[in-house]
Amino acid sequence: MHVKAFSVIMHAVYALAIAGLILFVALGFIPQDTGEMPLDVKLEAESTYEVSESNGVLEYNFSDAVDNHGNPAEAYTDAGVKIPGTMIYPEDDASVTAAVTAVKAYAALNPDVTTVTLKDGDGNVLTQMMIMKESNEITTNMYTEISITNRLRYDLIDIAIGVDQLNDSGTVSYRVAECPPSTIKTGETFSLPIDISINSLNSALIMLTGSGDTLSMYMGFDVSGRYLYGLAGASIYATAVFESTTAAPDVDISATQISITSTDPIDQLPSDLNVTATIGAITVTIVNDSTGFSVVMGDGTVNIVDELQDQYDEGDYTIEVGVPPDNEVITLTQEEYAQMLDLVKQVMEAGGA
Amino acid sequence: MPEETTLKQDMRHGSWGKGILAGVLSFISIVAVPLALMWFLEGLVASMGAGDEMAEIFNTLNETIWRLMIYGIPLIALAFLTSFYVKGNKAKVLFTVIALSYSIIWLFLVFPGGELPVSLETSGLFPDGEFSLDSISLTLDFLGIMLLLVIIMLLRMVLSYAVYKSNREKYLKKLSE
């Protein structure tokens, strides 16, 4: 009798386990509302800007947001007050300049106003795929958000996103943005802020560590996460390329000098880039303008890797940008400096120096 | 009370019909269906004209299906043996436990580490634009689900023993008739 009861109980437990697992997994892939997509992913940030940003940065952002939206918009304070004289029209530089001037004047009179937001005639907040932030000669800062709406039945766990800049052969990977792992609860929309920081010097070097056939910019998007209460997960790495029409440059690499010149500018770098930087005893000039693109590192007398390595070993991660008296000292993090050093070594190896 | 038998004695009694039927069904599910699926996918990809883009993902699926078939061959023999013996037979418990143990190993041979890496060549998707998606690498990790399946298989082992115990007397009675 006991044996029979044990057998019945075991059959019931087994059947429940099988049915439970099938139901648990199957339900996980059917959205709560079958009329909607299970996941909604957007890459954009609301057009809210610090009024302390420079005129140039605000003009770029105002123009980009309104041009993308396609309709006129005005600037509002964070308290919802419309700032007079800020009507911006698409493809109209004069209205952009006037709006920035009006915002700056309003902020000067009202010190409590720290941010402004662009809204259209219906009160909708404009969005931008990439918001430009204050940058310096070496580093370009941008901001965006990835918003993910989870319409699945279970939470998305440990969602982490990273953005890398790569070279065309995939041998160099330089992380320009990273989000800490986050949980996206079912039925909720979660925005992951992404601060992107692109070092112009690294950016130029990365493009040159590949095969050298092209100056296209390669980006890697690294997304990972777990689902079904952590029982299953996925990691995706997508490589995207922003094609450059720039022809392969003339590259001359020796242990004491790296010289790269092209008669065409690189589309993906700022069109008015003209940087003179000094790292220890090494001078670097990067120019990207209508006449072309060039990078010259070293004066032909000092071993570049040895000099950079010495400075790294001494814990000095500074780069002096500009020519005295208009020079500025930028201090890289140890990681940033190490990445730059690594990139230079790879350029040397690729060039046989 | 019927006389108790040993495993060796139990191994002499079985049903060829049931064994062969189980073997054939296993062969169909482990070899024939995956092969048909592979040919179907190959035909589908060729008809879509997406051969180059899908090549890597197709190769990975092919390799996985081949591992499933080749490492699954012992399961066909084990399916024959587990069904060859009837409930209450010691040999049935033995081969059920062996088959389930091998199934756990098989699972990890087909999906090493509980992962399935898939690559997709996408450079041809936006051939004329400035921006193009070059490639996508996707790794699916279902180790947690596989561990749940292992627990279910362990439960199934206990269940096979419970079935054996509850049918043992009936089996011995039938044997002594």
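Chains A and B are the protein sequences, given in the same order. End of the first sequence sits at 549 in this note's numbering; the numbers just go up one at a time, nothing left out. End of the second sequence sits at 184 in this note's numbering; the numbers just go up one at a time, nothing left out. The beta-carbon is built from N, C-alpha and C at its ideal position, and this holds for glycine as well.
| Item | Value |
| --- | --- |
| Using the beta-carbon count (16 or more within 10 Å), is Gln228(A) buried or exposed? | exposed |
| Just checking, does the stretch 411-420 of chain A make contact with the stretch 343-353 of chain A on the three C-beta pairs under 8 Å criterion? | no |
| Could you tell me whether the stretch 376-386 of chain A touches the stretch 259-273 of chain A, using the rule of 3 or more Cβ pairs below 8 Å? | no |
| With DSSP run on the structure shown, which of helix, strand or coil describes Glu510(A)? | coil |
| Please report the residue range of the beta strand (DSSP E) in which Pro376(A) lies. | 369-380 |
| Taking the alpha carbon of Val359(A) as the reference point, which residue from Ile456(A), Ala373(A), Phe386(A), Val437(A) has its own alpha carbon closest? | Ala373(A) |
| What does a CB cutoff of less than 8 Å around Leu116(B) pick up in its chain, not counting 5 residues either side in sequence? | Arg74, Tyr78 |
| Under a Cβ-count criterion, where at least 16 other Cβ atoms within 10 Å of its own Cβ denotes burial, should Leu239(A) be classed as buried or exposed? | exposed |
| Output the distance between the C-alpha atoms of Thr129(B) and Met61(B), rounded to the nearest integer angstrom. | 9 Å |
| How would you list, in chain order, the residues of chain B whose beta-carbon sits under 8 Å from the beta-carbon of Thr340(A)? | Those within 8 Å of Thr340(A) in chain B number zero; the least Cβ separation is about 16 Å. |
| So what's Gly366(A) in DSSP terms, helix, strand or just coil? | coil |
| Per DSSP, what are the beta-bridge partners of Asp316(A) in this structure? | Ala269(A) |
| Could you pull the DSSP bridge partners for Ile392(A) from this structure? | Met338(A) |
| Do we get a CB-CB distance below 8 Å when we pair Asp17(B) with the residues of chain A? | no |
| Quick one, which of Pro461(A), Thr527(A), Ala215(A), Leu539(A) has its alpha-carbon nearest Thr335(A)'s? | Thr527(A) |
| Assign Gln530(A) to buried or exposed, taking buried as 16 or more other Cβ atoms, counted over all protein chains shown, within 10 Å of its Cβ. | exposed |
| Helix or strand or just coil, what does DSSP make of Phe87(B)? | helix |
| Would you mind sorting Gly216(A) into buried or exposed? The rule is 16 or more other CB atoms within 10 Å of its CB. | exposed |
| Opposite Glu246(A) in the DSSP bridges: which residues? | Thr311(A) |
| Using C-beta distances below 6 Å, list every residue in its chain close to Tyr302(A), excluding the 5 sequence neighbours before and after it, in chain order. | Ile279 |
| Pick out whichever of Leu254(A), Asp318(A), Ala304(A) has its Cα sitting closest to the Cα of Asp289(A). | Leu254(A) |
| Quick check on the DSSP output: what are the complete alpha helix (DSSP H) runs of length 4 or more inside the stretch 97-150 of chain B, in order along the chain? | 97-117 |
| Buried or exposed: which applies to Arg19(B), given that a residue is buried once 16 or more other Cβ atoms fall within 10 Å of its Cβ? | exposed |
| Is Lys172(B) close to chain A? Criterion is C-beta to C-beta, closer than 8 Å. | yes |
| Are the CB atoms of Asn257(A) and Gln361(A) nearer to each other than 8 Å? | no |
| Measuring alpha carbon to alpha carbon, tell me which of Met153(B), Met55(B), Leu127(B), Gly30(B) ends up nearest Leu145(B). | Leu127(B) |
| Quick one: residues in its chain with C-beta nearer than 6 Å to the C-beta of Met76(B), no 5 flanking neighbours on either side, listed in chain order? | Val38, Pro41 |
| Who are Phe386(A)'s beta bridge partners in DSSP? | Ile344(A) |
| In chain order, what residues of the same chain have a beta carbon less than 8 Å from the beta carbon of Leu424(A), not counting five sequence neighbours either side? | Phe220, Val221, Gly224, Tyr350 |
| Give the secondary structure of Ala295(A) by DSSP, where H, G and I count as helix, E and B as strand, and everything else as coil. | helix |
| Which complete alpha helix (DSSP H) runs does the stretch 25-58 of chain B hold, if anything under 4 residues is left out? | 40-55 |
| Taking 8 Å as the limit between beta carbons, can you name the residues of its chain near Tyr109(B), skipping five residues before and five after? | Pro81, Leu82, Leu85 |
| According to DSSP, simplified to helix, strand and coil, what is Arg422(A)? | strand |
| Can you check whether the CB of Glu330(A) is closer than 8 Å to the CB of Ser250(A)? | yes |
| Of the residues that make up the stretch 204-220 of chain A, which ones have a beta carbon closer than 7 Å to any beta carbon in chain B? | Met206, His207, Val209, Tyr210, Ala213, Ile214, Leu217 |
| Which residues of chain A have a Cβ atom closer than 7 Å to the Cβ of Val165(B), listed in chain order? | Met206 |
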